[in-house]
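Notes for the one structure printed next.
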Amino acid sequence: MTSLRLPLKDIFIAQPFGVNYFNFYQKMGLPYHPGVDFRARNGCKLYASNRGKVVRCGAYSDGGLGIEIQHPEGWSTFYYHLKKISVKVGDIVIAGDLIGYCDNTGKYTTGDHLHFELRVNGEKINPAGYFNKTYLGDEINPKDWKKSRCYHRYYRGRPKGGYINELKILAILGKKKIYPTAEKINALVYGGWDIEAVKNDNMYWIWSQLKKDEYLEKKEIPFN
Ligand SMILES: [Zn+2]
Numbered sequence: 003m004t005s006l007r008l009p010l011k012d013i014f015i016a017q018p019f020g021v022n023y024f025n026f027y028q029k030m031g032l033p034y035h036p037g038v039d040f041r042a043r044n045g046c047k048l049y050a051s052n053r054g055k056v057v058r059c060g061a062y063s064d065g066g067l068g069i070e071i072q073h074p075e076g077w078s079t080f081y082y083h084l085k086k087i088s089v090k091v092g093d094i095v096i097a098g099d100l101i102g103y104c105d106n107t108g109k110y111t112t113g114d115h116l117h118f119e120l121r122v123n124g125e126k127i128n129p130a131g132y133f134n135k136t137y138l139g140d141e142i143n144p145k146d147w148k149k150s151r152c153y154h155r156y157y158r159g160r161p162k163g164g165y166i167n168e169l170k171i172l173a174i175l176g177k178k179k180i181y182p183t184a185e186k187i188n189a190l191v192y193g194g195w196d197i198e199a200v201k202n203d204n205m206y207w208i209w210s211q212l213k214k215d216e217y218l219e220k221k222e223i224p225f226n
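Sequential numbering from 3 applies to the sequence shown in this note's numbering.
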């Protein structure tokens, strides 16, 4: 097995493999985030990422409703925080089979998403390089891989007056010779963030996930 099918139709990475924001995972006894979080609309369909056998499904202590599929050559994939499971232990699936529906079940999650893990002989590895891009086809736009996080989390199209605000902010920044990316503009204009926060790399995972008022209200890490 050398490739994985993307498990959702609408692909956007909310948190990559290997990060350890605010030492969140160290506090849980993990070296870092051991999988990839895909944004997943509540109730959206979840697909098997390769052929294999369902070896476990049901409630996990932290992962909520989850599925484990064993593939050839020591590979296995895990899917957590689900709403509903459409397979049972012992089922044989192929890539693209509907196996469940996404949600936000389990501990430490702050929004609907799929936590996807790949293990090879038990070792948790970064699945990003194994996704088969030929599956992108017409169902997933490759551009979505790089789409701004805050675009997905809180950009709602340009609200009334938004474009004028955007121009005003760009004019102010232009005078200071600051030329932010589209993602940063989004945070400044629609997220209510100030330039100091957006310039601060340590704040990235906050402003890219939440509007400023959401953050002040939640005071928690905006993902798991
Ligand atoms: Zn995760």
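Ideal Cβ placement from N, Cα and C applies to all residues, glycine included.
Anticipated Cβ contact below 8 Å, residue i with residue j, distance rounded
i: residue 59; j: residue 103; result: About 13 Å; that fails the 8 Å criterion.
i: residue 49; j: residue 98; result: 5 Å
i: residue 194; j: residue 213; result: 5 Å
i: residue 5; j: residue 132; result: 6 Å
i: residue 93; j: residue 56; result: 5 Å
i: residue 19; j: residue 129; result: 7 Å
i: residue 76; j: residue 123; result: 4 Å
Exposed unless 16 or more other CB atoms sit within 10 angstroms - verdict on residue i
i: residue 218; result: exposed
i: residue 202; result: exposed
i: residue 200; result: buried
i: residue 51; result: buried
i: residue 63; result: exposed
i: residue 188; result: buried
i: residue 17; result: buried
i: residue 186; result: buried
i: residue 139; result: Its pLDDT being 34, under 50, residue 139 is placed unreliably by the model, and nothing is read from it.
i: residue 116; result: buried
i: residue 166; result: exposed
i: residue 13; result: buried
Beta-carbon proximity of residue i to residue j, cut-off 8 Å
i: residue 53; j: residue 95; result: yes
i: residue 82; j: residue 9; result: no
i: residue 168; j: residue 191; result: yes
i: residue 36; j: residue 125; result: no
i: residue 85; j: residue 44; result: yes
query = Any chance the segment 33-42 sits against the segment 56-72, with 3 or more Cβ pairs inside 8 Å?
reply = no
message = I'd like the ranges of any beta strand (DSSP E) spanning at least 3 consecutive residues and lying wholly in the segment 78-143.
response = 100-104, 115-122, 125-127
task = Pick out the complete alpha helix (DSSP H) segments inside the segment 192-221, 4 residues or longer, and give them in chain order.
result = 197-201, 206-209, 214-220
query = In chain order, which alpha helix (DSSP H) runs of at least 4 residues are fully inside the segment 13-78?
reply = 26-29
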